[in-house]
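Here the structure comes first, spelled out in structure tokens, and everything after it is commentary.
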Amino acid sequence: MASDVLFTPFSFKGLTLPNRIVMAPMTRSMSPDGVATDEVAAYYRRRAEGQVGLIISEGTGVDRPASLNDPNIPRFHGETALAAWKKVIDEVHAAGGLMAPQLWHVGAVRARGDAWQPPGPYDSPSGYSSPGKQFGDPMTEEEVADAIRAFADAAAAAKALGYDAIELHGAHGYLIDQFFWDGTNVREDAYGSKDINGRARFAADILRAVRKAVGPDYPVIIRISQWKQQDFAVKLAHDPKALEAWLGPLVDAGADVLHCSQRRFWEPEFEGSDLNFAGWAKKVTGVPTITVGSVGLTGDFIAGYGGEKSEPASLDELHRRLDRGEFDLVAVGRALLQDPQWVVKIREGRHDELSAYDLKAMATLY
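If you read the sequence shown in the numbering used here, its first letter stands for residue 4, the second for the next number, and so on.
As structure tokens, then:
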């Protein structure tokens, strides 16, 4: 059942992946005080041993006071935290794997629980956590500039530590995405606009700063989504022209790959075509794309958070779309969380050994 193309190498920006499978970033909150442990390093090493083409880490916080909403999510700044991430990449490389940290700022998102608060004010474009919902104050121009600096510094650190690429988290209603969204960005300066390409400036300026920090040949990925955790149905772009206006500035600023998040990868993005989000992003920009969303499972992750089990699902539709070149890479989340040997089992046709996803997997670093 395994499509030949799923297990063919793929190269971009001088980086060659042994297959088309990417481990999707998944928040684990298992790094006390923001420092990844030896157990975290072993968790990623197991996926490298399991032949994942490219591992993208859980979201890691950049150097802003409220970049994270949980003290146990790992940071990607500071001597102690970066030393821990050096152990992670050394373990992954020792197992023959490739890895990119996902660089993250949650923006206007409340802390998890009342026992802890971030050591500084929340960042957001306009002081909204969702449309019409006040949450702190808008970022000043100086704070915007410092956030851009923080992403660039983290990218430079990743390259210095030996990571093979970096990914920016620009999706799901977090800070970069809050700038994209007209419901949370009503700024009237250079970082706000009624047009999506104007609201893309914050992300584009981050990408330019990152590109300057890592040089022209280092692979840079950005994760994007139409849906938000605040609103599953919202769309930033309602047609291909608007999609091009949004994504074009990101590619021009230095994005090499677009990681296009959907809840269900097989759903068409616009009427009149069966192309999914990654398919349309590739069509309008010409750059490689990663598709993601319930790959290999029957249910989406939102239902999974509610405790619903997801059974193993056919990959036939994925193979068909990959074969026709709709997208280039495939990110797998919960299936790899459940089973670090998922890629090997798919490649060897051991489908009877695949297990259902259970929410209990989120509570371990298996």
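Think of the CB as a built atom: it goes at the ideal place given N, C-alpha and C, for glycine as much as any other residue. Predicted model only: the values in this text are computed from it and were never measured.
Would you kindly work out how many angstroms separate the C-alpha atoms of residue i and residue j, rounded to a whole number?
{"i": "E356", "j": "M33", "result": "28 Å"}
{"i": "E94", "j": "E42", "result": "11 Å"}
{"i": "V8", "j": "L57", "result": "16 Å"}
{"i": "R214", "j": "G100", "result": "24 Å"}
{"i": "D234", "j": "H175", "result": "9 Å"}
{"i": "V371", "j": "E329", "result": "What the structure shows of the chain is the stretch from 4 to 369, and residue 371 is not part of that stretch, so it cannot be assessed."}
{"i": "R23", "j": "V333", "result": "6 Å"}
{"i": "N72", "j": "D259", "result": "29 Å"}
{"i": "G302", "j": "E145", "result": "43 Å"}
{"i": "L368", "j": "Y46", "result": "6 Å"}
{"i": "A153", "j": "G352", "result": "44 Å"}
{"i": "L362", "j": "A193", "result": "43 Å"}
{"i": "W283", "j": "G275", "result": "12 Å"}
{"i": "K312", "j": "L164", "result": "38 Å"}
{"i": "R327", "j": "P243", "result": "20 Å"}
{"i": "N75", "j": "A39", "result": "9 Å"}
{"i": "P130", "j": "E314", "result": "It is worth fixing the name first, because residue 130 is Gly in this sequence and not Pro. G130 and E314: Cα-Cα distance of roughly 41 Å."}
Would you decide whether residue i is buried or exposed? Buried here means 16 or more other CB atoms lie within 10 Å of its CB.
{"i": "P35", "result": "exposed"}
{"i": "T292", "result": "buried"}
{"i": "A236", "result": "exposed"}
{"i": "H354", "result": "exposed"}
{"i": "G64", "result": "buried"}
{"i": "W88", "result": "buried"}
{"i": "W119", "result": "exposed"}
{"i": "M4", "result": "Summary for M4: the model assigns pLDDT 45, below 50, so the residue's position carries little reliability; its value from the coordinates is reported in the next sentence. Looking at its Cβ environment, which holds fewer than 16 other Cβ atoms inside 10 Å, M4 is exposed."}
{"i": "G123", "result": "exposed"}
{"i": "P219", "result": "exposed"}
{"i": "T143", "result": "exposed"}
{"i": "R323", "result": "exposed"}
{"i": "D208", "result": "buried"}
{"i": "E191", "result": "exposed"}
{"i": "D331", "result": "buried"}
If the criterion is Cβ atoms closer than 9 Å, does the pair residue i and residue j meet it?
{"i": "F15", "j": "P271", "result": "no"}
{"i": "A69", "j": "P121", "result": "yes"}
{"i": "Y360", "j": "Q344", "result": "no"}
{"i": "P104", "j": "I169", "result": "yes"}
{"i": "H172", "j": "L85", "result": "no"}
{"i": "G139", "j": "A111", "result": "yes"}
{"i": "W184", "j": "R202", "result": "yes"}
{"i": "V217", "j": "A158", "result": "yes"}
Contact defined as beta carbons within less than 8 Å: I believe residue i pairs with residue j. What is the distance between those atoms, to the nearest angstrom?
{"i": "I227", "j": "F205", "result": "Rounded, the Cβ-Cβ distance is 13 Å, inconsistent with contact."}
{"i": "R67", "j": "D156", "result": "Between D156 and R67 the Cβ distance is about 11 Å, and since that is not below 8 Å, they are no contact."}
{"i": "L20", "j": "P12", "result": "6 Å"}
{"i": "R267", "j": "G289", "result": "Not a contact, Cβ separation roughly 25 Å."}
{"i": "R31", "j": "E61", "result": "5 Å"}
Return no unless some Cβ of chain D is closer than 9 Å to the Cβ of residue i.
{"i": "R267", "result": "Although the question refers to chain D, the structure presented lacks it and comprises just one protein chain."}
Tell me, please, which residues DSSP counts as bridged to residue i.
{"i": "F13", "result": "L20"}
{"i": "V335", "result": "M26"}
{"i": "P315", "result": "L300"}
{"i": "K231", "result": "H175, D234"}
{"i": "V112", "result": "Per DSSP, none; premise fails for V112."}
{"i": "L261", "result": "I225, T292"}
{"i": "S133", "result": "K136"}
{"i": "R266", "result": "Its beta-bridge partners do not exist; DSSP assigns none."}
{"i": "I58", "result": "M26, M102"}
{"i": "T63", "result": "L106"}
{"i": "E170", "result": "Q105, I224"}
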